[in-house]
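Inspection log for the structure reproduced underneath, given as structure tokens.
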Amino acid sequence: MGKTIVLVFIICLGCSMSANNQDDRPEIKDYLNQEIYITDNFSGQSITLIKENEEYCILRKFFGSGIPVIGSVKYKVVFNSDYQIAFSEIIESSVNNSMFKNDEEFILRVEAAGPSLYLNRLKIVIKVK
Numbered sequence: 069m070g071k072t073i074v075l076v077f078i079i080c081l082g083c084s085m086s087a088n089n090q091d092d093r094p095e096i097k098d099y100l101n102q103e104i105y106i107t108d109n110f111s112g113q114s115i116t117l118i119k120e121n122e123e124y125c126i127l128r129k130f131f132g133s134g135i136p137v138i139g140s141v142k143y144k145v146v147f148n149s150d151y152q153i154a155f156s157e158i159i160e161s162s163v164n165n166s167m168f169k170n171d172e173e174f175i176l177r178v179e180a181a182g183p184s185l186y187l188n189r190l191k192i193v194i195k196v197k
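Residue numbering for the sequence shown is 69 to 197, as defined by this note's numbering.
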């Protein structure tokens, strides 16, 4: 009888510990179709995770002064986990590709405080709207 009580206690303790260790962060896919604005010294940019033909991609828009959008670039998305994606490979562009270096590597990560964007391992200031 005593062994049964101890065993039930251990099972209940394990269940409560695993419930407390659950990650309550939203996943990357929860930001689907939400525009994330990048703060820069120009007119601004944004990125949006989109889904086309069962494939995920990032749409990056460049804003202009007096013109809402002056161009866009679409990137192939690589899921590193439910909370992080990477993108660097351009699959479509409406702007001059010479503006972009092949060494732009982006990581979009969901952290405890919300989404964070990194360019070549440097954190970029963003705002989700």
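No residue lacks a Cβ here, since even glycine has one placed at the ideal position from N, Cα and C.
| query | result |
| --- | --- |
| Assuming Ile96 contacts Ile106 (C-beta within less than 8 Å), just tell me the rounded distance between them. | In fact, because the Cβ distance is near 17 Å, the residues do not count as touching under 8 Å. |
| In whole angstroms, what is the alpha-carbon distance linking Phe110 and Gly134? | 12 Å |
| Cβ atoms of Tyr143 and Phe155: under 8 Å apart, would you say? | yes |
| Out of curiosity, what's the CA-to-CA distance linking Gly112 and Asp91? | 33 Å |
| For Arg128, write down the residues that DSSP places opposite it in a beta bridge. | Ile115 and Val141 |
| Check each candidate in Pro136, Val141, Val145 and Ser140 and name the one with the smallest Cα separation from Glu122. | Val145 |
| Quick check: what's the CA-CA separation for Arg93 versus Glu172? | 27 Å |
| Near Glu160, which residues of its chain fall below 6 Å by C-beta distance, leaving aside the five closest residues on each side in sequence? | Lys142 |
| Can you give the beta carbon distance from Tyr124 to Pro183, rounded, assuming they're within the 8 Å contact cut? | In fact, because the Cβ distance is near 15 Å, the residues do not count as touching under 8 Å. |
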